[in-house]
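Just so it is clear: in the sequence shown, position 194 is 194 by full-length UniProt numbering, and no numbers are missing.
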Amino acid sequence: MGLSSSKPFDPIADLPDLKGRVVIVTGGNSGIGFATVQQLARKGAKVYLAARNESKATGAIARLEAEGLGPGNGEIVWLKLDLSDPKATKAAADVFLSKEKRLDILINNAAMLASPYSMNAIGVQETIVVNYLSPFVFTQTLLPCLYRTAAEPGTDVRIVNVSSHAHALAPAGARFRSKEDLNISYDAKFLASMKRYGVSKLAVILWTDELQRRIDVDKVPIICLTLHPGGVFTEGNISAVKKYPASRITLYLTSLVLYTPTQGAYTVTFAAASSKVRTEATIYKGAFLMPMGKMGKKTKMAEDAELGKELWTTSESLSQEIGLELSAPTDAR
Numbered sequence: 001m002g003l004s005s006s007k008p009f010d011p012i013a014d015l016p017d018l019k020g021r022v023v024i025v026t027g028g029n030s031g032i033g034f035a036t037v038q039q040l041a042r043k044g045a046k047v048y049l050a051a052r053n054e055s056k057a058t059g060a061i062a063r064l065e066a067e068g069l070g071p072g073n074g075e076i077v078w079l080k081l082d083l084s085d086p087k088a089t090k091a092a093a094d095v096f097l098s099k100e101k102r103l104d105i106l107i108n109n110a111a112m113l114a115s116p117y118s119m120n121a122i123g124v125q126e127t128i129v130v131n132y133l134s135p136f137v138f139t140q141t142l143l144p145c146l147y148r149t150a151a152e153p154g155t156d157v158r159i160v161n162v163s164s165h166a167h168a169l170a171p172a173g174a175r176f177r178s179k180e181d182l183n184i185s186y187d188a189k190f191l192a193s194m195k196r197y198g199v200s201k202l203a204v205i206l207w208t209d210e211l212q213r214r215i216d217v218d219k220v221p222i223i224c225l226t227l228h229p230g231g232v233f234t235e236g237n238i239s240a241v242k243k244y245p246a247s248r249i250t251l252y253l254t255s256l257v258l259y260t261p262t263q264g265a266y267t268v269t270f271a272a273a274s275s276k277v278r279t280e281a282t283i284y285k286g287a288f289l290m291p292m293g294k295m296g297k298k299t300k301m302a303e304d305a306e307l308g309k310e311l312w313t314t315s316e317s318l319s320q321e322i323g324l325e326l327s328a329p330t331d332a333r
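Here's what the structure looks like:
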């Protein structure tokens, strides 16, 4: 399944016309997100580039426009989004809802890399907040709009959550029963920051699968997917490499084996808009894709539906604890 290895994926040639479609891409000002915005806008979509820093976002939009949006002549709009603050994240979703009546594609792409342990202002470790909890809040706030769009004839609504094959780094037995589970530092273990990152990406997959299950219960034709975009030579990875000795040599060698951001976006745009995904919806619902659109394999923990329900319950409790009311279109269980 996925993209044929004999024919390289070409978003311009292989994606359908997206005129009239409204899209959100988080982290769209650089790297994979930037290339995703470009590929979808060039097919005619109106794309909200969701990012925190206004100067970086407007600079990215200027660059996108300078490089040309045709042939579809799409539109790109900045949406201020700060994933380090779940309340600000919900406010960003509310701003979008005040401007638009439809949302066809939501791509939760923004994330932080493995980082030193730090506690967020809401009392949850930062990696979990940025990579999982805020995207959960963002999506839940937008879900009624996604449902309404999916009810219209001829629509193809999708939620794409960028995860990573690094979800396999989550320690065996990881749980999501409480805030304390989310805040385990693993400091006494080797590569603790990578384990925390792995847990955050495991959470993304578990959440997406539970979201798909709930949507299916409601009989709404929305497709939810997760994916690993591949090893990509992004600005974030470059900054990380520069912290190590012999960084210039390491950067050069790394550039030879990693995908470019444009290539890294191919699996994202395939998941978001390829006609093949809709045609074979029963196969792709809840799928975990690998480059370039091939079916990937989740870990045993990532397939644990009960763990996904546990995560969902804790996420709702945390949202309520910080004063967020997330109105879902249904309370299906």
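Built from N, CA and C at the ideal position, the CB exists for glycine as well.
Residues near Val22 in its chain [Cβ-Cβ closer than 6 Å; skip 5 each side]:
Lys46, Glu100, Arg102, Leu103 and Asp104
Whether Ala62 touches Val25 by CB criterion (8 Å) = no
**Asked** Roughly how many angstroms separate the alpha carbons of Glu54 and Trp78, rounded to a whole number?
**Response** 8 Å
So Lys19 and Gly59 are supposed to be a Cβ contact under 8 Å. How far apart are they, rounded?
The pair is not a contact, with the Cβ atoms about 26 Å apart (cut-off 8 Å).
Check: When the distance is taken between beta carbons, is Ala110 closer than 8 Å to Leu83?
Finding: yes
Exercise for review: Please specify which runs of the alpha helix (DSSP H), each continuous and at least 4 residues long, are wholly inside the region 15-57, giving them in chain order.
Suggested key: 31-41
Task: Helix, strand or coil at Met295 [DSSP, three-state] - done: strand
Neighbourhood of residue 335 by C-beta distance below 7 Å, restricted to the same chain and skipping five residues each side: Any answer about residue 335 is impossible in this case: the structure gives the chain only from 1 up to 333.
Q) With a Cβ-Cβ cutoff of 8 Å, do Tyr266 and Met292 count as a contact? A) yes
In chain order, what are the residue ranges of uninterrupted alpha helix (DSSP H) at least 4 long that sit wholly in the region 62-101?
86-99
TODO: Output the distance between the C-alpha atoms of Thr30 and Arg42, rounded to the nearest integer angstrom.
DONE: For the record, residue 30 in the displayed sequence is Ser; it is not Thr. Going by the C-alpha atoms only, they are around 17 Å apart.
- Task: Compute the Euclidean distance between the alpha carbons of Leu69 and Asp10, then round it to the nearest angstrom.
- Result: 15 Å
**Asked** When DSSP labels each residue in this structure, what does Arg158 get in the three-state scheme?
**Response** strand
**Message:** Do Trp207 and Leu318 count as a contact pair if the criterion is CB distance below 8 Å?
**Reply:** no
- Item | Contact under 8 Å by Cβ, Gln140 with Leu326 | yes
Going straight from the alpha carbon of Ala151 to that of Ala287, what length do you get? 23 Å
| said: Is the separation between the beta-carbon of Ser193 and that of Pro116 shorter than 8 Å? | reply: yes
Measure the C-alpha to C-alpha separation of Thr269 and Gly74 and round it to an integer number of angstroms. 15 Å
Q. With burial defined as no fewer than 16 other Cβ atoms inside 10 Å of the residue's Cβ, what is the status of Leu191: buried or exposed?
A. exposed
*Enumerate in chain order the residues of its own chain whose CB-to-CB distance from Tyr186 is below 8 Å, with the five nearest sequence positions on each side excluded.*
Pro171, Ala192, Lys195 and Arg196
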